[in-house]
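S.K.:
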Amino acid sequence: MFDLEMTEDQKLVRETVASFARDEVRPISRDCDESGHVPPALAEKGFELGLIHSALPEDVGGFGEQRSAVTGAIVAEELGWGDLSIALHLLAPRLVAYPLLDAGTPEQKKRWLPAFTKRFQPAGAAIVEPRYDFDTLTLATRAKRSGSNWVLDGSKCFVPLAGDADVLLVFAQTDAGPQAFLVERGTPGLTISEREKNMGLKALATHEVELKGVTVPADARLGGEDGADVARMVNLSRIAVAGLATGVARGAYEYARDYAKDRQAFGVAIAQKQAIAFMLAEMVIEIDSARLLTWEAAWKLDKGDDATRECVLAKRYASNAALKVTDNAVQVLGGHGYVRDHPVELWLRNARGFTNFDGLAIV
Amino acid sequence: MKILVPIKRVPDPQTNIAVKPDGSGIVTDNVKFVINPFCEIALEEALRVKEQQGGAEVVLVSIGPKVTQEQLRTGLAMGADRAMLVVAEEELDPATAATVLKKIVEAESPDLVLAGKQSIDDDANQVGQILASSLDWPQATFASKVEFSADKKEVTVTREVDGGLEQVAFALPGIVTTDLRLNEPRYASLPGIMKARKKELKEVPLADYGVAGAAKVKTHKMAPPPKRSAGRKVETVQELVGLLHTEAKLI
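So the protein lines, in turn, are chains A and B. Just so you know, we're using the numbering used here here: the first sequence kicks off at 90 and counts up by one. Just so you know, we're using the numbering used here here: the second sequence kicks off at 6 and counts up by one.
Below, the structure written as structure tokens:
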């Protein structure tokens, strides 16, 4: 009844993504944070790894890999361990490609998916709205029928890579609940503002997006007349965010643990002091708990169940765990944790966002 | 062209290794195992040759415990065409490993054997050379560049030797062992991992090669290297020169 053993393929996937995170992502994460950019060459390397197109169908140029939320959570954890900004940048094209894969009409897939199989294709989803009572499933951005067209009005924020994207997936409220719309760059009424200046995630370009009377044809609605299961998309997004949060936390814990074993005070390594040892133990418990909740939720989604409850718990728990663990990591390093010579302050700034944003990634 | 790439399963060079208290080996619990880095470079080179020449076949072979499947799967995911594992639970000495490889080379008749110059566990640096000599094939070790003639019948290898670079050329078939600066191995891609599932991974028991009791080298005991002792600070240059003369006897 119970088995948490990864499949052979999952082990290989984890190993290759972990090597990529260790050798390619970590070494440049500080520079990316300072410069505010992810080098295009790295985005291309991430693409070549198959992060986007391995799951896309063969007839559009992908490899037709069976997608799994559990494998997605494993990949997210390893990339989050490398660097959260870079991870979100590398995974951003999924925000358009995966909903298209799950809910797109054959025509929509044929039109939009091939671009995602050729090279790194900047794209993002516009979900979050700049208002205090934001709720993913009750949006203030409206989509109204006008003849055969849809007219979109509203404001969005935290839209990743919006400045470079050819197409955004905009979530808006219809009479039948929230739905998603493919909106091309340059559509009249669509305004993409300057980059947001965020506390963390500094390497990730996010933008506010304004929609004023943006008119799109009927076939811009994801899934056409049938529409799309937005609730399931939101759940898949929660798994991605929970996996990333687990990875951020694990990275910070490992750094603090190694530091504590090395740093001498009063003649012993500080890891020998209970005040530090207890803190490290708490950090591990948080991380393992977050991972187990995430894997359980992902497993239920893979079975096809409605896993909203589990996804909410996983995302909420992992978000809090990432904040707590990165904060503790800064504390373990003491004064050294607060200076930029060590990465823990960067990880704390990045982790702070988990409880503020939504829908920045999807599995 | 057919290229045979022997690979070895070794502890990840990025992990800390501890010697068992009784000196019989290293502690393997919680140690990650990987493809020996030099073997990985050899595989990468073989894959590049395959991509450049088209139509080449890259065959992986390893001798090791059954779990070595993991490393062969990784190699297949990187792009090798098929793999073969000689299942041996005991570690083989270089000469015995070369004897097994010789029989595999005779059966497969590759145009080229591309191997790592040494494995990072025992650093013997012998298998490629012994294999070449027992097959009476030409060899080029410590390769930092490998180039083929237009008719693909000859290979020119740039070798890293003491004091510079040396170029050697020979007609195939032959053996090339790779140095660190030859290339940077690729990552196994996610689609590559998926494709690897369908590739052949054949297992053969060591007994089929009739090398029982052939080992010439036996490991008696392992010990960690001595801890480096702390340095000393001196007040003046004269004092340092004096100590180098009287104590270290270097000048």
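Note that the Cβ used here is the ideal one computed from N, Cα and C, for glycine as well.
Could you pull the DSSP bridge partners for residue 163/B from this structure?
M.R.: Residue mapping note: residue 163/B aligns to position 158 of the second sequence, counting from 1. Paired residue(s): 150/B, 172/B.
S.K.: Does DSSP classify residue 92/B as helix, strand or coil?
M.R.: Counting from 1 along the second sequence, the entry for residue 92/B is found at position 87. If DSSP states are grouped into helix, strand and coil, residue 92/B belongs with the strands.
S.K.: Using the C-alpha atoms, what's the distance from residue 27/B back to residue 359/A?
M.R.: As a position in the first sequence, residue 359/A is number 270, starting the count at 1. As a position in the second sequence, residue 27/B is number 22, starting the count at 1. Roughly 30 Å between the two C-alpha positions.
S.K.: Would you be able to state if there are at least three C-beta pairs under 8 Å between the segment 133 to 150 of chain B and the segment 173 to 191 of chain B?
M.R.: Touching, yes.
S.K.: Measure the Cβ-Cβ separation of residue 65/B and residue 110/B and say whether it is below 7 Å.
M.R.: Working through the second sequence from its first residue, we reach residue 65/B at position 60. Working through the second sequence from its first residue, we reach residue 110/B at position 105. No, the pair does not count as a contact, with Cβ atoms beyond the cut-off.
S.K.: Does the Cβ-Cβ distance between residue 243/A and residue 442/A come in under 7 Å?
M.R.: Here residue 243/A refers to the residue found at position 154 of the first sequence. Here residue 442/A refers to the residue found at position 353 of the first sequence. Cβ distance not < 7 Å, so residue 243/A and residue 442/A don't count as in contact.
S.K.: Are there 16 or more other CB atoms within 10 angstroms of the CB of residue 133/B, so buried, or fewer, so exposed?
M.R.: In the second sequence, counting from the first residue as 1, residue 133/B sits at position 128. Result: buried.
S.K.: Evaluate the contact criterion for the segment 412 to 420 of chain A versus the segment 11 to 23 of chain B: three or more CB pairs, one atom per stretch, below 8 Å.
M.R.: Too few Cβ pairs lie closer than 8 Å, so no.
S.K.: Going by alpha carbons, who is nearest to residue 185/A out of 429/A, 312/A, 98/A?
M.R.: Numbered from 1 along the first sequence, position 96 holds the residue referred to as residue 185/A. For the residues 429/A, 312/A, 98/A, the minimum Cα distance to residue 185/A belongs to 312/A.
S.K.: Below 7 Å between beta carbons is the criterion; list the residues of the segment 192 to 219 of chain A that meet it against any residue of chain B, in chain order.
M.R.: Per Cβ criterion, the list is empty.
S.K.: Going by DSSP, name the residue or residues bridged to residue 238/A.
M.R.: For the purposes of this step, residue 238/A is identified with residue 149 of the first sequence, where counting begins at 1. Residue 238/A pairs with 235/A.
S.K.: Among the residues of its own chain, which have a CB less than 8 Å from the CB of residue 143/A, if the five just before and after it don't count?
M.R.: One-based indexing of the first sequence puts residue 143/A at position 54. Hits under 8 Å: 151, 152, 154.
S.K.: Tell me whether the beta-carbon of residue 217/A lies closer than 7 Å to the beta-carbon of residue 430/A.
M.R.: Position 128 of the first sequence holds residue 217/A. Position 341 of the first sequence holds residue 430/A. Not a contact, by the Cβ cut-off of 7 Å.
S.K.: Quick one: give me the first and last residue of the beta strand (DSSP E) that residue 67/B is part of.
M.R.: Reading the second sequence from its first residue, position 62 is the one you call residue 67/B. That run of the beta strand (DSSP E) goes 62 to 69.
S.K.: Can you tell me whether residue 129/B is helix, strand or coil according to DSSP?
M.R.: Numbered from its first residue, the second sequence carries residue 129/B at position 124. Looking at residue 129/B - three-state DSSP - the assignment turns out to be coil, as it is neither helix nor strand.
S.K.: Where DSSP assigns a beta bridge to residue 226/A, which residues make up the other side?
M.R.: The residue labelled residue 226/A in the question sits at position 137 within the first sequence. Answer by DSSP bridge pairing: none, since residue 226/A is not bridged.
S.K.: If you follow the beta strand (DSSP E) that residue 262/A is part of, which residue opens it and which one closes it?
M.R.: On the first sequence, residue 262/A is found 173 positions in, with the first residue counted as 1. Looking at the DSSP string, the run of the beta strand (DSSP E) that includes residue 262/A is 256 to 263.
S.K.: Please compile the residues from chain B whose C-beta is within a distance smaller than 8 Å of the C-beta of residue 98/A.
M.R.: What you label residue 98/A is simply residue 9 of the first sequence in a count that begins at 1. 198, 199, 202, listed in chain order.
S.K.: Out of curiosity, what's the CA-to-CA distance linking residue 297/A and residue 162/A?
M.R.: Position 208 of the first sequence, counting from 1, holds the residue named residue 297/A. Position 73 of the first sequence, counting from 1, holds the residue named residue 162/A. Residue 297/A and residue 162/A: Cα-Cα distance of roughly 28 Å.
S.K.: Tell me whether residue 161/A sits in a helix, a strand or coil according to DSSP, three-state version.
M.R.: As a working note, residue 161/A is residue 72 in the first sequence. Residue 161/A: helix per DSSP, three-state reduction.
S.K.: Report yes or no: do three or more beta-carbon pairs, one from the segment 255 to 272 of chain A and one from the segment 223 to 242 of chain A, lie closer than 8 Å?
M.R.: With the cut-off at 8 Å, the segment 255 to 272 of chain A and the segment 223 to 242 of chain A touch.
S.K.: Would you mind stating whether residue 25/B and residue 124/B have Cβ atoms separated by less than 7 Å?
M.R.: The residue labelled residue 25/B in the question sits at position 20 within the second sequence. The residue labelled residue 124/B in the question sits at position 119 within the second sequence. No, the pair does not count as a contact, with Cβ atoms beyond the cut-off.
S.K.: Which residues does DSSP list as the beta-bridge partners of residue 138/B?
M.R.: Along the second sequence, one-based indexing puts residue 138/B at 133. None; residue 138/B has no bridge partner.
S.K.: Evaluate residue 90/A with the Cβ neighbour count: other Cβ atoms within 10 Å of its Cβ, from every protein chain shown; 16 or more gives buried, anything less gives exposed.
M.R.: Position 1 of the first sequence, counting from 1, holds the residue named residue 90/A. By the neighbour-count rule (16 or more Cβ atoms within 10 Å), residue 90/A is not buried but exposed.
S.K.: Going straight from the alpha carbon of residue 250/B to that of residue 164/B, what length do you get?
M.R.: As a working note, residue 250/B is residue 245 in the second sequence. As a working note, residue 164/B is residue 159 in the second sequence. About 38 Å.
S.K.: What does the alpha-carbon distance come out to for the pair residue 276/A and residue 303/A?
M.R.: What you label residue 276/A is simply residue 187 of the first sequence in a count that begins at 1. What you label residue 303/A is simply residue 214 of the first sequence in a count that begins at 1. Cα-Cα distance, rounded: 7 Å.
S.K.: Among all the DSSP beta bridges, which residues are the ones paired with residue 296/A?
M.R.: Taking the first sequence and counting its residues from 1, one reaches residue 296/A at position 207. BP columns for residue 296/A point to 248/A, 284/A.
S.K.: Excluding sequence positions up to five away, which residues of its chain have a Cβ less than 7 Å from the Cβ of residue 98/B?
M.R.: By one-based count along the second sequence, residue 98/B stands at place 93. So the qualifying residues of the chain are 220, 221, 222.
S.K.: So is residue 85/B in contact with chain A if we call contact Cβ pairs under 7 Å?
M.R.: Counting from 1 along the second sequence, the entry for residue 85/B is found at position 80. With 7 Å as the cut-off, residue 85/B does not count as an interface residue toward chain A.
S.K.: Quick test of your reading: residue 267/A and residue 228/A, contact by CB under 8 Å. State the CB separation rounded to the nearest angstrom.
M.R.: As a working mapping, residue 267/A is identified with position 178 in the first sequence. As a working mapping, residue 228/A is identified with position 139 in the first sequence. Between residue 228/A and residue 267/A the Cβ distance is about 5 Å, and since that is below 8 Å, they are a contact.
S.K.: What does the alpha-carbon distance come out to for the pair residue 78/B and residue 192/B?
M.R.: Within the second sequence, residue 78/B is the residue found at index 73, counting from 1. Within the second sequence, residue 192/B is the residue found at index 187, counting from 1. So the alpha carbons of these two residues sit roughly 13 Å apart.
S.K.: For residue 160/A, collect the residues of the same chain with a Cβ closer than 7 Å to its Cβ; drop the 5 residues on either side in sequence, then sort them by chain order.
M.R.: On the first sequence, residue 160/A is found 71 positions in, with the first residue counted as 1. Excluding residues within five positions, the ones whose Cβ falls inside 7 Å are 99, 102.
S.K.: Look at the alpha carbon of residue 195/A and the alpha carbon of residue 428/A, and state the distance between them as a whole number of angstroms.
M.R.: Here residue 195/A refers to the residue found at position 106 when the first sequence is read from its first residue. Here residue 428/A refers to the residue found at position 339 when the first sequence is read from its first residue. One C-alpha to the other measures close to 52 Å.
S.K.: Do you know offhand how far residue 314/A's Cα is from residue 322/A's?
M.R.: If you number the first sequence from 1, residue 314/A lands on position 225. If you number the first sequence from 1, residue 322/A lands on position 233. About 18 Å.
S.K.: So is residue 183/A buried or exposed if we call it buried at 16+ other beta carbons inside 10 Å?
M.R.: To locate residue 183/A, count along the first sequence from 1; it is residue 94. Answer is buried; the Cβ neighbour count reaches 16.
S.K.: Output yes if chain A places a C-beta closer than 7 Å to the C-beta of residue 139/B; else output no.
M.R.: Walking along the second sequence from the start, residue 139/B turns up at place 134. Closer than 7 Å: no.
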